[in-house]
Amino acid sequence: MSDGGLGWNIDSATAAHVVRPAGRVDESTATEFADRLLHEIGAAKADGKALLALDLSQVAYMSSRGLRALTLAQRNGNENGVKIALSEPNDIMREILAISRYDMIFPVFERTADAIAG
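Adding 1 to a residue's 1-based position in the sequence shown gives its number in our numbering.
Listed below in structure tokens is the structure:
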């Protein structure tokens, strides 16, 4: 991460396209988060991957704008044949997903390997 932005680790060597953002998804980073998710959905589709696993273990916080980005990414993924699964939420993210009920919208897995296995 630099200048308060998000850090990104991408792994496309598995059966899924694994995306690991790091940092806070808030008002200052939500646009970057949204744009990068859409980019990675395109990359997953180009690689013939039907799953984008979003590893949340290093996400320290997510605002409503970040949640909206997830919703838009899911819509884009559905249009492009790429399913989004959330994995490894830390305690803060687990609580945010539960309060917002996003854990009812997205499949959430304790381990990224489980998300990939389906």
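Don't be surprised by glycine CBs; every beta carbon is placed ideally from N, CA and C.
For residue 27, no beta strand (DSSP E) segment is defined, and its DSSP state is neither H nor E. The alpha-carbon of residue 41 is positioned some 8 Å away from that of residue 20. Judged by DSSP in its simplified three-state form, residue 10 adopts strand. With a minimum length of 4 residues, the unbroken runs of alpha helix (DSSP H) contained wholly in the segment 25-86 fall at 31-47 and 65-81. For residue 24 and residue 8, the gap between their C-alpha atoms comes out near 7 Å. Take the alpha-carbon of residue 74 and the one of residue 92: they are about 23 Å apart. When DSSP states are grouped into helix, strand and coil, residue 95 belongs to the helix group. Separation of residue 29 and residue 67 (C-alpha to C-alpha, rounded to the nearest whole angstrom) is 10 Å. Judged by DSSP secondary structure, residue 17 falls outside any alpha helix (DSSP H); it is assigned neither H nor E. Beta-bridge analysis with DSSP links residue 110 to 88. In this structure, the alpha-carbon of residue 76 lies about 21 Å from that of residue 94. By the CB criterion at 8 Å, residue 55 and residue 11 fall outside the cutoff.
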